[in-house]
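Just below is one structure, and these are the notes that go with it.
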Amino acid sequence: MSDITKQSLSELVENIKSKKISSSEVTKAFVERSEKSKELNAYITEDYANALNKAKKFDEKPNLDLKLPGIPMAVKDLFCTRDLRTTAGSKILNNFVPTYESTVTQNIWNEGAILMGKLNCDEFAMGSSNETSFFGNVQNPIDKNLVPGGSSGGSSCAVAAQLTPITIGTDTGGSIRQPASFTGTVGLKPTYGSCSRYGIVAFASSLDQAGPMAQNVKDCALLQEIISTYDEKDSTSIDFKRNEYSKELTKDIKGKKIGIPKEYRVDGMPKEIEDLWKKGIEYAKDCGAEIIDISLPHTNYALPTYYIVAPAEASSNLARYDGVKYGFRAEGENLIDMYEKTRSEGFGAEVQRRIMIGTYVLSSGYYDAYYLKAQKVRKLIKNDFDDAYKKVDAILTPSTPSSAFKIGEKTNDPVSMYLNDIFTVPVNLAGLPGISIPAGHDAKGYPLGLQIIGKAFDEQNILNIAYAMEEKINFKNNINDWWIK
Amino acid sequence: MSIDLKTIKHISKLSRISVDEKKAEKLAGDLNSIFDFIEKLNELKTDNVEPLTSVAETTLKLRSDEVKSKNLRDQVIKNSPKENEDYFVVPKVIE
Chain A
205 MSDITKQSLS ELVENIKSKK ISSSEVTKAF VERSEKSKEL NAYITEDYAN
255 ALNKAKKFDE KPNLDLKLPG IPMAVKDLFC TRDLRTTAGS KILNNFVPTY
305 ESTVTQNIWN EGAILMGKLN CDEFAMGSSN ETSFFGNVQN PIDKNLVPGG
355 SSGGSSCAVA AQLTPITIGT DTGGSIRQPA SFTGTVGLKP TYGSCSRYGI
405 VAFASSLDQA GPMAQNVKDC ALLQEIISTY DEKDSTSIDF KRNEYSKELT
455 KDIKGKKIGI PKEYRVDGMP KEIEDLWKKG IEYAKDCGAE IIDISLPHTN
505 YALPTYYIVA PAEASSNLAR YDGVKYGFRA EGENLIDMYE KTRSEGFGAE
555 VQRRIMIGTY VLSSGYYDAY YLKAQKVRKL IKNDFDDAYK KVDAILTPST
605 PSSAFKIGEK TNDPVSMYLN DIFTVPVNLA GLPGISIPAG HDAKGYPLGL
655 QIIGKAFDEQ NILNIAYAME EKINFKNNIN DWWIK
Chain B
90 MSIDLKTIKH ISKLSRISVD EKKAEKLAGD LNSIFDFIEK LNELKTDNVE
140 PLTSVAETTL KLRSDEVKSK NLRDQVIKNS PKENEDYFVV PKVIE
């Protein structure tokens, strides 16, 4: 079968289960395509030889009752993988080899999947274009020198370019949904507390969530039901009844009330995005949904709130990188000198900037003015959503205020880079689930995404809406394999 | 509000990140533009708003105090940049 890498996850699972193809054949196909695609720079660490061995072992004694039987998969390099280097895209973890496995990846291996390698990302997931990675830029398979989004840029690239049938990313302010939107793929940020954070390199602990990235909604639902488990090793993991999302998936969304928040019509929003949103509303109506205008009055305050809360938590989380226990060390004249040199040489510019912002807003004399203020505004933002959900079942917005931009276009202006996440950040602040689905193209032919935001723990509902709309939209990604010589 | 070089040096010390003059100037520029953007929050009155510390509206679960993983010494020390048998090694602290 020559077109193995073109198959969706669901097709691959079915073909392996019916013994039409073996895990070895599938793994070999994705490894070969990954090897031919080095120019994309999607991988930080490749583990192809081990993957092929594991596939061979799987085929010798295949367990076809598993949900991901012998399916090869590369994952974002923010998930700790036992005995395989985990860098978080940073020089400071360049040589870090975890002795334990993250719960989310363990759940995936328990269902029979096989690790192919670790995917590039912004350093400590801080970025919207994958340009802050110590391991270099990632190319968007849509066009040369175009960013794949971030921070899960290697993940979005690898799914769009079919280097992996499916993957997982993490999303603190949009890091799954924005790259999915930039590459014409599907990405789900689950409810806070749905997927365990154990073994994921921490960025901002009250916002971080792992989630699936896929070529279609059904695959996304299947991976979500595998990675979402209660875990006592994460004190914020929530014990709620989880659906078998893929089994309960339905296109019947008749009578669902979908809210359109007027505050998301931001100043300077390109007409293409406005048009896409209007089209999205029509698709939702075609599916039988009822459209209701709503208001989320504090939307404009979400980004400034985020840029206090996230750096504050990051400055605390990243205090552990001191050159003593693991990771990179720069020698110094004394202990303090060693700390300061290690952190100055080990962290990149964006990470240092955010640690400094976070340290400042938490420092004596400024805590109330910034951090406490931001926590209060965060409450107002969450209240907005609580009020809206008295009237609607879900909310429809664009995923991003623009399509993918060129590498280098926004690197000198941090604030313009931050504005990329204007539609995604409020969802993290309120702890809600959100999914981005590809919904059209701009004039340049670059993909654009729509976001569906749900109530807390209502992943099934937004997956259903996405599933129904996906059929109406009938999106086709224009990828011509330009990087394969 | 304006963050001057003296403040940058102070934050750099608190952050344990060494900063030379050139880097300090760049950081001052970046941080000022970011804080200009953050100042928007001052438009809102929040005197009677409860701060949101966690979106998960549950109390932390208690668990029994049992040792679940033992003898992890080798694993704990495995990634250290410098060690001596059972210890992490750092520059001399006590003269």
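Chains as they are written, first to last, in my numbering: chain A, 205 to 689; chain B, 90 to 184.
Heads up, the beta-carbon is just placed ideally off N, CA and C, and yes, glycines get one too.
Within the segment 550–624 of chain A, the runs of alpha helix (DSSP H) at least 4 residues long that lie entirely inside it are, in chain order, 553–566, 577–592 and 618–622. Selection K271/A, N624/A and S212/A evaluated against I430/A yields K271/A as nearest (Cα-Cα). By the Cβ rule, the segment 502–515 of chain A counts as touching the segment 120–131 of chain B, because three or more pairs are nearer than 8 Å. Under the Cβ criterion (8 Å, minimum of three pairs), the segment 569–584 of chain A does not count as touching the segment 646–654 of chain A. With the criterion set as a beta carbon lying under 7 Å from some beta carbon of chain B, the members of the segment 602–636 of chain A are P618, V619, A634 and G635, in sequence order.
Linking A408/A to S294/A through their CA atoms gives a straight-line distance of about 16 Å. Less than 8 Å separates the beta-carbon of R401/A from that of D438/A.
K461/A has E494/A as its beta-bridge partners, per DSSP.
In terms of beta-carbon proximity, E327/A stays away from the interface with chain B, with every pair separated by 8 Å or more.
Secondary structure of S214/A (DSSP, three-state): helix. With a threshold of 8 Å between beta carbons, T148/B makes no contact with chain A. Between G550/A and G531/A the beta-carbon gap is near 7 Å, inside 8 Å, which marks them as a contact.
Sequence-ordered contacts of the segment 497–519 of chain A with chain B read H502, N504, Y505, L507, P508, T509, Y511, I512 and S519 [C-beta pairs closer than 8 Å]. DSSP places P642/A in the strand class (E or B) of the three-state scheme. Under the three-state reduction of DSSP, L426/A is assigned to helix. Here V279/A is buried, its C-beta having at least 16 other C-beta atoms within 10 Å.
Note on the segment 338–419 of chain A: whole beta strand (DSSP E) runs with a minimum of 3 residues are 371–375, 390–393 and 413–418, in chain order. Under a 10 Å Cβ-count criterion, V363/A is classified as buried, with 16 or more other Cβ atoms of the shown protein chains found around its own Cβ.
Distance between D597/A and K659/A, taken at the CA atoms: about 7 Å. The continuous stretches of alpha helix (DSSP H) do not include L282/A, and DSSP gives it neither H nor E. Note on the segment 484–539 of chain A: whole alpha helix (DSSP H) runs with a minimum of 4 residues are 506–521, in chain order. Residue pairing from DSSP places E172/B in a beta bridge opposite F177/B. Under the Cβ criterion of 8 Å, E436/A is counted among the residues facing chain B.
The CB of K586/A comes closer than 7 Å to the CB of L141 and V144 in chain B, given here in chain order. Exposed is the label assigned to G612/A, since fewer than 16 other Cβ atoms lie within 10 Å of its Cβ. Contact check between the segment 485–503 of chain A and the segment 385–398 of chain A: fewer than three CB pairs, one atom from each, fall below 8 Å, which does not count as touching.
The segment 450–465 of chain A makes contact with the segment 485–498 of chain A; the number of CB pairs closer than 8 Å reaches 3 or more.
Along the segment 526–546 of chain A, going in chain order, the ones with a CB nearer than 9 Å to a CB of chain B are D526, G527, V528, K529, Y530, G531, F532, R533, E535, G536, E537, N538, L539, I540, D541, M542, Y543, E544, K545 and T546. For the options T96/B, K115/B, L161/B and D93/B, the alpha carbon positioned closest to that of N616/A is the one of K115/B. Interface criterion met: the Cβ of I559/A is under 8 Å from a Cβ in chain B. One finds L161, D163, Q164, V165, K167 and N168 in chain B with Cβ atoms closer than 9 Å to the Cβ of T303/A, taken in chain order.
Of the other Cβ atoms in all chains shown, 16 or more fall within 10 Å of the Cβ of S359/A; this residue is therefore buried. Across the set C399/A, S333/A, C424/A and V619/A, the C-alpha of C424/A shows the shortest separation from the C-alpha of S212/A.
Nearest Cα to L480/A within the set L623/A, A643/A, Y525/A and Y571/A: A643/A. 8 Å or more divides the Cβ of D263/A from the Cβ of M320/A.
Put simply, the backbone Cα of E478/A is about 11 Å away from that of T604/A.
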